[in-house]
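To keep things clear, I will list the structure first and then write my remarks on it.
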Amino acid sequence: MSGALLAAAKGGFTDINPATIIWTWVSFGITFFILSKVAWPMLARKMEERELRIAEGLKKAEEAEARARELAAKQEQILEEARIQAQKFLAETRAMAENIKSEMINAAQQEIAEMWERAKKEIALEQAKAVEDLKRATVELTLEASSRLLKRELTGEDHLRLAREVVEEVALRL
Numbered sequence: 010m011s012g013a014l015l016a017a018a019k020g021g022f023t024d025i026n027p028a029t030i031i032w033t034w035v036s037f038g039i040t041f042f043i044l045s046k047v048a049w050p051m052l053a054r055k056m057e058e059r060e061l062r063i064a065e066g067l068k069k070a071e072e073a074e075a076r077a078r079e080l081a082a083k084q085e086q087i088l089e090e091a092r093i094q095a096q097k098f099l100a101e102t103r104a105m106a107e108n109i110k111s112e113m114i115n116a117a118q119q120e121i122a123e124m125w126e127r128a129k130k131e132i133a134l135e136q137a138k139a140v141e142d143l144k145r146a147t148v149e150l151t152l153e154a155s156s157r158l159l160k161r162e163l164t165g166e167d168h169l170r171l172a173r174e175v176v177e178e179v180a181l182r183l
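Residue numbers for the sequence shown follow the numbering used here, so the first one is 10 and each next one is one higher.
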């Protein structure tokens, strides 16, 4: 190694050796030829394949993004339809509840009205019965009072006549 350093030291950096230049150009040419025939076509093919894969990947990514946007729009549409259906269902349920409520109220009012009418009829019947009882009691009392006043026994015809008179007088007062 020290000999190569001494030889380099004897000659300058700018000293040009024509044999070295020729061999350098020959090796460059052979290397260039081999690279242009073997390596560069493979590199160019690999670069093209990679470029195609990247372009295909970008195309697929764009398609996937478009599908994702489309699916998101469909999903939003489905959600909106579901909201509308839910609101419609709630409105129908509320309407049904209101109908049932009003039907129940109407039925209760009708039942109350029927009970009121029955009560009126029962009261009228009881009142008529009470009036009849009162008439009968009045007739009996009148007959009893009349027979005591007269100190005699009244005939059937007298009883009827007096009873009618008393009943008519009592009925007029009521």
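For every residue, glycine included, the Cβ atom is placed at its ideal position computed from N, Cα and C.
I believe residue i touches residue j by the beta-carbon criterion, under 8 angstroms. Please report the beta-carbon distance rounded to the nearest angstrom.
i      : j      : result
Ala172 : Val148 : 4 angstroms
In chain order, what residues of the same chain have a beta carbon less than 6 angstroms from the beta carbon of residue i, not counting five sequence neighbours either side?
i     : result
Glu71 : none
Ile30 : none
Ala16 : Any reading at Ala16 needs caution, since the residue's pLDDT is 49, under 50, leaving its predicted position unreliable; the model's value is listed next. Closer than 6 angstroms at Cβ, skipping near neighbours: no residue.
For residue i, decide whether its Cβ has a neighbour in chain C, counting only Cβ atoms nearer than 8 angstroms.
i      : result
Glu123 : Judged by its chain identifiers, the structure shown contains no chain C, having just a single protein chain.
Compare the C-alpha of residue i against each of the options and name the closest.
i      : options                : result
Ala146 : Glu131, Leu169, Val176 : Val176
CB-CB under 8 angstroms to residue i, same chain, minus the five flanking residues each way: which ones, in chain order?
i     : result
Glu74 : none
Considering only residues of the same chain and omitting the five flanking positions on each side of residue i, which have a CB-CB separation below 7 angstroms?
i      : result
Glu131 : none
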